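The sequence shown begins at 199 in this note's numbering and counts up one residue at a time.
All C-beta atoms, glycine included, are put in the ideal place defined by N, C-alpha and C.
Owing to the predicted nature of the structure, the values given are computational and were not obtained by experimental measurement.
All remarks here apply to the structure that follows.
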Amino acid sequence: MVRRFLLVLLLLGIGLTSSAAVFSSSYMFRPMSELSGLGTLSVRKIVNDTNKGLWLVDSRGQLLFHDGVNLKPAVERTGKPVTGVTDAAMVGNTLWLVKDNHAYSYFPQSASLERHNISQIPVESVIARDNAAWFANRRGLYRLTDTEPDVEFVPFPYPIKLAGLYVTDKHLYVATQQGVYQYLSLDEPPAKLLADHHITAVAQDLHGEAWFGTRQGVIRGNNGALTTLGVNGSQPAVLSLQPTPQGVWVGTTMGLYLMTNAGEIKAHFMPSDYDRYALPDRRVQGLHQDPLGNLWVSTPKGVSLLPAGSDLFSRIRLGDRSGQIDANFISDVVYGGDDHYWLATDNGVFKLSSGFDVVEHIESVGRVEQLVLSDGQLWILQADGITLYDIRLSRMEIIEIPEDIKEQPLERIMVDHFGSLWVGSEGGLYRYWPEFREWMSFGRHWFREPAGGEQITGIVEDSEHQVWVGTTYGLYQFEAGGLHLVPDTAKQGGIVDIFEDRMGQLWIATNYTLQVSQTLKPLKLQEVKLTPEFAQPYCIARGSTGIWLSSSNGLSYISYYADLKRHLGFNSGLLSEDLGSRACLQDNGQALVLGFRQGLLRISEQALFDEFSDEPELVLSAVWVDNDIWPLGDSWSQLRRLPYGASIAFKLKVLPSRSALYQYRLVGENNQIGEWNIVSQPLLPVGVLSAGRYALEVRRVSPSGNHPLALSYDFRVQSSWQVYQALFGILAVTVLVLVLLFFYWRSKLFKVQAQQLKQSVYQKTAKIELQKKQLNASNVHLQRILDVRQHVMAQLSHELRTPLQLTMGLLSDLRPLSQAPAKVDIAERNVAHALHVAEQILSRDVFALVEPEKACEQLVSPIIQACCMSWQVEAERKQIALCLEDQTGADTSICLAPYHLEIMLGNLLSNALKYTDNKGGITVSVKEREQQLIISVSDTGQGMTDQTKAHLFDSYYQEEPQFSPEAGFGLGLSTVKQLVERYHGMISVISYQGVGSEFIIRLPLSVSKAGDDHVSPVPQDTMAQYPWLMVIGEHTLAETEWAKLLSEHYHVTYTRADYEDLILLDDPLPDVVVIDHQVLVPSDEQLLKALSEHFFGGNGPVFVLLSNSARLDAQYLKSVSWADLVLNEPLLGPPMLSKIDNLLDARRAVAVKSRLAAEHSGKVWQESVYSLVSEHFHSSDFGTSAAAKALYMSERTFQRHFKQAFGLSFKDYVTQFRFEQAAVMLKQGDKVADVALACGFKDPAYFSVRFKAYSGQTPAEFACGRVKQE
């Protein structure tokens, strides 16, 4: 009978133990090896530091300090570790130790250790009370303080075997092996309690009740009964006690117990080989609660941490034991709405209650990938099929799947608002209608993965009944029977989860990031900024005012506005680091359910915010200065001085407990406030700072928007002179030595330079003497050349003059006998001309032809007629018609040197005869225009090419032999141009291949005379009022009606001449030229076309042709293409006036654009020329040819363009530029020889002569005068 009763008690004990174990599974004891490397450390005593942190005494007697991140040994000033410690207590900033059975005081700021000789009997224990340290041995108590040097001794009634010292709010307890002594006041004798018990621990709960630990159990109250903790008759000894708001924690030799304040056992915790978050050992030798509420549990095999807030979590683990889920992993979880959860596992489907009790297990479905709950029916997705489970009827139905669909593994399912089932597989997307049992296939052609192998990871229907399909490539939208890729989701590592919140926002979790779109139509995704470290999202769950995201970095709460409001990392101790399941949700009770590899977690969302509203304390452990670590320990609050120029970083960490989101910034002097940065790692880099005082501020980010400051640390960066004072002394000595060495080196250098200067002067003098001799020799040689040249020229002139004089005599004798005296006269004049030229060559030089000496007034008409008659014989020989049109008066005269007019006209007629074919024509026209003599020589020859026209007036230029077989030396036209320009005239040419050429010379008349056909430009004031219209035709045109109408709107002039009057006019040109077709001959059409297109270009007048053609057909208009407007007679005034006005408006608009473009291009070209000259003026070979090649232009075109832009020749401009630069260099004190070479002159003497001609002073005088002036 007794055996049966004992068996029943054993079974009840096992049941109670199992029940406690189930409850206790919600608590997770984090091994400190995950946080600080304390996993194998056996700790005897843990003490709170005054300035944040923990002091630990291990079982070997070593004193350690833990700042929340690092575990560092306490050292003395010599660097020797503090060992031999058995007990410790913190009073203010002093740590009191029992070391080697003696009393010591340790000052962490200065690392000083001081021994106090209070007794010859070994000291055993120490405790802090009333700002003093109380040491104890078997004889009594000893009171020590920092301010009082004397020791206060309180003896025991008799010697005892001390078990420990303990302090409560009002009492000091001395535990012994036979009871405990209670001191209310040291002036009164103590009261002895519980004399029959060996007291091992004393504590006071939050209600002020004293708890006593004994070898047999726990006693609550001074006179309370003994409560044993073991089962089956065992009585584990109590080793430690720690009251908390959850109850009293009791550490025993058989595990850890949690008891209510009433003394009832609430939970029992034991080590487990299957649970990494269980106790490491059953013997709990120490318990300690830090200021943050974390419970530290010390065992012989290591230290574990029970974070504050662990009681808010409910946890059920995977396993085959009682109270566990008999499965290996959880793939999905759904909320049933009746305070039940459905779990999909590899061992079927489990139904759990809100307290995580297993209510039902459907094992027959095997491995389940996903669950979907809809209208009381549970859709179960398996790898090879789909099962429908009716929850109310507990009936299961296997869905028939076509064979072609079953060939591919099924991946995801979703039930839409129609009740149809969407199925995703490797074969594509399908839709199943349960009512009709029909399957609809959408294929897999819409997959966009280039490499193939794309898999469906999620199917979701939003509130607007749009279907979204996530794959390992991107997000697709189902619309109009097809799926379309959302571009912003491609190449993001694939879709992990899709979720729509209460605000109608769509959240997309990929393998790389989190995106959100505030609208569904259209979808506009934006990236959500998470923690700075890379975080791989796992699952999204609904929140009250946002969403919860589980990721590889922990659990984050994000508001609807995509702001990170809270983050619980794995270092908080609340979360398991094996979060990686897609199973997460929020039930109707606002509880968050998370799946992890070892089970399931549940916590109230409100509890997360309410429980963790207090500011957690931070620990600043060290300062990193470059590569050196400066430990701060408990003295971090003191102002530290850091070296100048070093890279600074601070090691910061929250004590392992609940984790919050923190930000930090740096505040400098003068309120220089930096930006807030997210604390993503313990190391906070601030970089290299300038000298001054700074403050490091760390704040906690609160979901309410109120961000309290959690830490402020002041420090100073030393000034460079303070840091390197010793270096300055060394530097001063070094500078002094260098100065002495420098002066010694300079003295030696001056001697060497003086010697070199003497040698250089001697060499220069010898060189100058050599150059002087060379110049003298060159002068003698040049004088010889000049003598020879004069002798040759005199002999040549004599040889020419003698036969010419004989010819003149013979011609005089032949005149009476000749039948053609006119020809004899011509020959006599030509011989006289030749004699005159020979005389000039003999008397002066070959350039006498271009010198305007002995200029006299000569009549024009006789000279022109005589010259034409002289060339008439040659023209008749070649059967060329030579015509003279002399429109000058008999008294028209011009001031020229003798024979110069004959030379000009003769050279032009010689060229015309040379290039005009037989039976051609040459016309010489002489006119008077505006006190100018206009001589025009036109021919019907072969014309000239553009290249020939470009070099026409160059000396010694000749055409290719195939074009001019009778070419001379190329001096004729060059001589004509020199003579024309010498008399301030102008020469121009109009020539077209196959048509002919026309040379026009303009020379000033000595007597002004106006003719009838004189055409004068319109005065400027008249042009400003009316446009100028010139009519070329008969004077009868002025009597027509249309001419009278034009006179009312234009300034009209008439001329009986032809189109050549336009060429003879200077600016301004007429605005409109009206030409009567009757004054034109057929050969004029080609010249007028060339005149309109090439001579005037786009800047000429508007040409209007008056035609009497019967019809204006296309062929006729093509022949008169030079005309801008063709009017057929009879003419009507108003239409003619309107057409001319339109043409003038269009021509003016084009002219404005051309002028603006020309001005811009001209400025650009001038800048390029100036840059070219500035770069190459120092080169003596730089000239017109080099500049033209550099600008990709012909030399003649470049000269003409340059003179138009700058108003002088390029050679003169370069010379002027060189002298300007030379003046600047001379002002700066440069040597004359260096200036000459730098400005492109090879010979300094020649440079001096040219510079004197330029400035009126020699270079030396210019430099000296400039210096004196300054």
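Simplified DSSP state of residue i, which is helix, strand or coil
i     : result
D1410 : helix
E1459 : helix
R313  : strand
N1306 : coil
Q1063 : helix
K1351 : helix
E1105 : For the record, residue 1105 in the displayed sequence is Asn; it is not Glu. N1105 falls in the helix class under three-state DSSP.
L766  : strand
V349  : coil
Q713  : strand
K849  : strand
T1253 : strand
I463  : strand
I589  : coil
Y364  : strand
M199  : For M199, the pLDDT reaches just 39, beneath the cut-off of 50, and the residue's location in the model is therefore unreliable, although a value from the coordinates is still provided. In the structure shown, M199 sits in coil (DSSP, three-state: anything other than H, G, I, E or B).
Contacts around residue i, its chain only, beta-carbon distance under 7 Å, and the 5 residues preceding and following it disregarded
i     : result
I1061 : L1099 and E1100
L576  : W540, L569, Y587 and I589
M612  : V570, W620, I657, V658 and E659
V726  : L712, Q713, V714, I756 and A760
D473  : R515
L293  : W253, A286, Y304 and P306
S1477 : As shown, the chain starts at 199 and ends at 1468. That puts residue 1477 outside it, with no answer to give.
Y1390 : none
R740  : D699 and Q784
Counted within 10 angstroms of its Cβ, other Cβ atoms place residue i as buried (16 or more) or exposed
i     : result
R590  : exposed
L209  : Confidence in L209 is poor, its pLDDT being 37 and thus under 50, which makes the residue's placement too unreliable to answer from.
S520  : exposed
I966  : exposed
M1142 : buried
H264  : buried
D247  : buried
I983  : exposed
Y381  : buried
E1232 : exposed
Contact set for residue i: own chain, Cβ-Cβ below 8 Å, skip 5 residues either direction
i     : result
L1325 : V1302, L1303, L1304, S1305, M1334 and K1337
T1456 : S1446, F1449 and K1450
Same chain only: Cβ atoms within 6 Å of residue i, ignoring 5 sequence neighbours per side
i     : result
I325  : A287, W332, L363 and V365
A1386 : E1393 and F1396
I1133 : V1124 and I1199
D298  : G282
Y475  : M226 and F227
V1272 : V1229 and V1302
Q1160 : Residue placement at Q1160 is flagged as unreliable, the pLDDT there being 42, under the threshold of 50; a coordinate-derived value is accordingly withheld.
A1461 : L1424
L1057 : S1091
Continuous beta strand (DSSP E) assignments of at least 3 residues falling wholly in the stretch 905-989: Correct list: 907-915.
Give the list of continuous beta strand (DSSP E) stretches no shorter than 3 residues that lie fully inside the stretch 281-339. Counting whole runs of 3 or more residues, the stretch 281-339 contains the beta strand (DSSP E) stretches 283-289, 292-297, 300-305, 310-314, 323-327 and 330-334.
Are the stretch 291-310 and the stretch 351-364 touching by the rule of at least three beta carbon pairs closer than 8 Å? Here the stretch 291-310 makes no contact with the stretch 351-364; the two share fewer than three CB pairs at distances below 8 Å.
Within the chosen definition, does the stretch 1105-1112 reach the stretch 1061-1081 through at least 3 CB pairs nearer than 8 Å? Three or more Cβ pairs closer than 8 Å define a contact, and the stretch 1105-1112 meets that threshold against the stretch 1061-1081.
Do the stretch 408-416 and the stretch 429-443 touch if we need at least three Cβ pairs shorter than 8 Å? Here the stretch 408-416 makes contact with the stretch 429-443; the two share three or more CB pairs at distances below 8 Å.
Whole beta strand (DSSP E) runs in the stretch 1358-1432 with 3 or more residues, listed along the chain? Those beta strand (DSSP E) runs which fall completely within the stretch 1358-1432 and span 3+ residues do not exist here.
Given 8 Å, three or more beta-carbon pairs between the stretch 638-656 and the stretch 671-687: With contact defined as three or more Cβ pairs closer than 8 Å, the stretch 638-656 and the stretch 671-687 are in contact.
What are the start and end residues of each continuous beta strand (DSSP E) run of 3 or more residues lying completely inside the stretch 1072-1124, in chain order? Within the stretch 1072-1124, the complete beta strand (DSSP E) runs of at least 3 residues are 1079-1084 and 1091-1094.
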